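Chemist: Got a structure for you, questions after.
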Amino acid sequence: MSVSPFAGWSPLKKFLMISSKGSAKVADRSPFKIHRELKSILGDGTIEVTKLGSGDLMVELKSNDQAKKLGAMATFLDIPVTVSPHKSLNSSKGVIRSRDLWCCSEEEMVEELSGVTHARRIKNKPFFATKLRFSKLVRQLLLKSIKRFQCERLLVLSNLSFE
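Residues 264 to 426 (the numbering used here) are what the sequence shown spells out, left to right.
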């Protein structure tokens, strides 16, 4: 019985958000205090911290150990906080083309495919006929307006037959 090398493996959530639960904002603290506190929690190693306009901190991590340590944190600089993965930076978009999935609903694809959070069908529609109708419609409206108002500069055009 062989054990998979990926048993118990979970993908690294590289970007984590530190958000305060109360009215005090985490990002309003001194950058030196924030750096010292993160160094004491995560240990040595390079980390990148970004202050966001909402008062939250976005931390870019290098390892799963750092993510576990930061996820276990309940207070940060005496402020009660929640630590959650960033919604868009920890994911990527892609396209799956398969005729086998044609009969499946979008909800079924999200449930059955691992790591998929959202699914949307892409439909190919012809655009050529719509553009022709639109240009013909614009031409007819333009010619009718020229004919109706009979501007002095366009008097020559109004005498032409429009069809």
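From the three backbone atoms N, C-alpha and C, an ideal C-beta is built for every residue, glycine too.
Keep in mind that this is a model prediction, so the values were computed, not measured.
(1) Going straight from the alpha carbon of K356 to that of I310, what length do you get?
(2) Using CA coordinates, which residue listed in L333, W365 and A337 is at the minimum distance from K276?
(3) Unbroken beta strand (DSSP E) runs of length 3 or more, entirely within the stretch 269-324: which are they?
(4) Using only the alpha-carbon positions, how far apart do H381 and R360 sit?
(5) Take S317 as the anchor and find which of E370, S286, G378 and I342 has the nearest alpha-carbon.
(6) Considering only the beta carbon of each residue, do L324 and V312 sit closer than 8 Å?
(7) Could you have a look at V344 and say whether DSSP puts it in helix, strand or coil?
(8) With respect to the alpha helix (DSSP H) encompassing M372, which residues constitute its N-terminal and C-terminal limits?
(9) Let me know if I297 comes out buried or exposed under the rule of 16 or more other beta-carbons within 10 Å of its beta-carbon.
Modeler: In short:
(1) 26 Å
(2) L333
(3) 278-283, 311-314 and 320-323
(4) 15 Å
(5) S286
(6) no
(7) strand
(8) E369 to E375
(9) buried
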